[in-house]
Each structure stands twice: as C-alpha cells, then as structure tokens.
C-alpha cells in the first residue's frame, strides 16, 4: 500500500465517519476521468474533414490524411495517421463502411499466364526502350478499352494512362473497333498538334482486335508496342485505373447509359485524386506541369 492511501480514504466517505460504499462510489467517479481520451474524441475536426473529403471528393482515406498533412490543414496533435484511421474503420467507429473502400478488402491475386500461340499485331513490348519501365520520362502511355455489356454491338470506353503522372483519359467511343479507336487518336492529334509526339512518345496496347490498326499513328512520330498475349500485367497501371473507373461504370451496365461528358468527368475525378506514389500531388497537377514544359520549349 502506498503512503497516503490510508489518509485519503476518509475523504472519500462522509466525514467524520468513513463509509465504504460512498468511498467506492467516489473512486469509480474519479476513475472515469483518469483514462486517456479516445483518439477520435481529440481529433473530431480532423476526422469530420476526412469523412467529408472521402465522400464528396471521392478520395481514399490515405489521400485525405496525407493531403491534410502536406498542406498543414491541422496541427499534428489534432491529426490521426492513415493506419489509425483504417483501424477505426475496421472497428466500425467511422461513418464509412468497408464496402466504401473495396481495395481494403482482401483480393486473390491472379496468376500470370504467358502464351506465345497468338500473333502480335506489331512491334513487341520486348523492343520497347528500357526507360519506359523506369517511369522517369514523361510521354509513355498504356491503352485499353472498358466494356459495359458484352452482348451485341455496344459502345465502349477507350482509356489511356500516362505512366509517370498517372494522368488518365477516358473517352466514349462508338464500338470496340479499330476505326473507332483510331478516330479518337486523330482527335487527340488535333488537340496536341505538332507536340503530339512529345506528349505521346510511346503507346503500349494489348492484342485486341480494336488495336490492329493502331500502328498507323506512327506516322505522327509515336511508337506503338504490343504486350505478350494474355499478359495484362504488362499494362498494370491501365488495368488498375480501369478498375477504379468501375466505381462509376459497373460491369454489366451498358455504356449507352452514360453521356460522353459523364465519362470525361469520371476521368477528371480520378485525375484530381492525390496519390501516395506522386508524393500526394494529383495526376492532373503533374500532367499540366509536363505540358507546360513541352509547350514552353519551341524547338
């Protein structure tokens, strides 16, 4: 027993007589005030901001936390870490459900298959410059199509992603055909003009029939490469972002249900998302910075 314990005991009962029951009640009352406040209670403003940014900006929890930290929106003592926020999410203490963050749920990795029994439609990815894999030079893209319904002739989404900035383009096109793909590439050529081959140094596609004429754009100075058959992991960035697009365009839903402007706005939302890989800058910021460099150089 510590010194002073006995002398304090009578103070917990009604003087001048010590009452054990009253003393115990006083102890329980005092005990409530001695514990450390819960983290969510001490950072209410921060948690409220994160939840709002998560729902309205459609950012990830990590992006919300890091954006607030990088921009010093709150003092460090009034902020929680990404790990703590996810822990509280799993405990059900946030107004966010696990279904709102599907990438947190465990997913089985698909096995990588490599087959050589399908003919490439052009230059192999094995001939692609090594600098593309290093993700150190702007202007290298991956391309793919996103399908809604698979029955009948359906409109699809043509998606492209720049490997360094993660800037993502998504266009609604008339069908999964080479003519529809090339028509969109011609529009991009009109947009970027003489700088097209600086913005699009290389494009890597799979062996889908919609890309069988893609090599025609090499006349503008862009090199086109094709992945090995059944090797979607060779366009991992594009595949991942197509998965993120599915948040807005679920599988099985016809692309006809969406206007072209809506598809563009979905891509804008992804480009406005701060990324850990980009030191919590947005793809849009970095893409614009690189465009400024290209257009400021008149050579």
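Residue numbers (full-length UniProt numbering): 1 to 299.
Beta carbons are placed, not taken as given, at the ideal position from N, Cα and C, and that holds for glycine.
- In this chain, residue 53 is not harboured by any beta strand (DSSP E), its DSSP state being neither H nor E.
- If you check the CB distance, residue 249 and residue 146 come in under 8 Å.
- Counting along the chain, residue 162 sits inside the beta strand (DSSP E) bounded by residues 156–162.
- Contact between residue 66 and residue 274 is confirmed by a C-beta separation of about 7 Å, below the 8 Å threshold.
- For residue 144, the beta-bridge partners assigned by DSSP are 159.
- Taking all protein chains shown into account, residue 191 has fewer than 16 neighbouring C-beta atoms within 10 Å of its C-beta and is therefore exposed.
- Three or more beta-carbon pairs separated by less than 8 Å link the segment 86–103 to the segment 57–71, which places the two stretches in contact.
- Between the beta-carbon of residue 56 and that of residue 139 there is about 33 Å, and that puts the pair past the 8 Å contact cut.
- Assignment of residue 232 by DSSP, reduced to helix, strand and coil, places it in the helix class.
- Between residue 206 and residue 232, the C-beta spacing is below 8 Å.
- DSSP places residue 125 in the helix class (H, G or I) of the three-state scheme.
- By the neighbour-count criterion, in which a residue is buried when 16 or more other Cβ atoms sit within 10 angstroms of its Cβ, residue 259 is exposed.
- Membership of residue 191 in the alpha helix (DSSP H) is indicated by the continuous run 178–192.
- With respect to residue 245, residue 159 sits close: the two C-beta atoms are nearer than 8 Å.
- Below 8 Å, too few C-beta pairs join the segment 166–177 and the segment 218–225 to call them touching: fewer than three.
- Within the segment 225–295, no run of beta strand (DSSP E) reaches 3 residues while sitting entirely inside it.
- Per the coordinates, the alpha-carbon of residue 38 lies some 18 Å from the alpha-carbon of residue 51.
- In this structure, residue 277 places its C-beta atom within 8 Å of the C-beta atom of residue 166.
- Apart from the 5 residues on each side of it in sequence, residue 202 sits with its Cβ closer than 8 Å to the Cβ of 128, 129, 132, 139, 140, 141, 222, 223, 224, 225 in its chain, given in chain order.
- Residue 269 and residue 240 have their alpha carbons spaced roughly 15 Å apart.
- Per DSSP, residue 172 is one residue of the beta strand (DSSP E) stretching across 168–173.
- In this chain, residue 203 is not harboured by any alpha helix (DSSP H); it is covered by the beta strand (DSSP E) spanning 202–205.
- Under DSSP, residue 223 shares a beta bridge with 202.
- Sequence-distant partners of residue 40 (beyond 5 residues in either direction) whose C-beta falls short of 7 Å from its own C-beta, in its chain, are 47, 88, 93.
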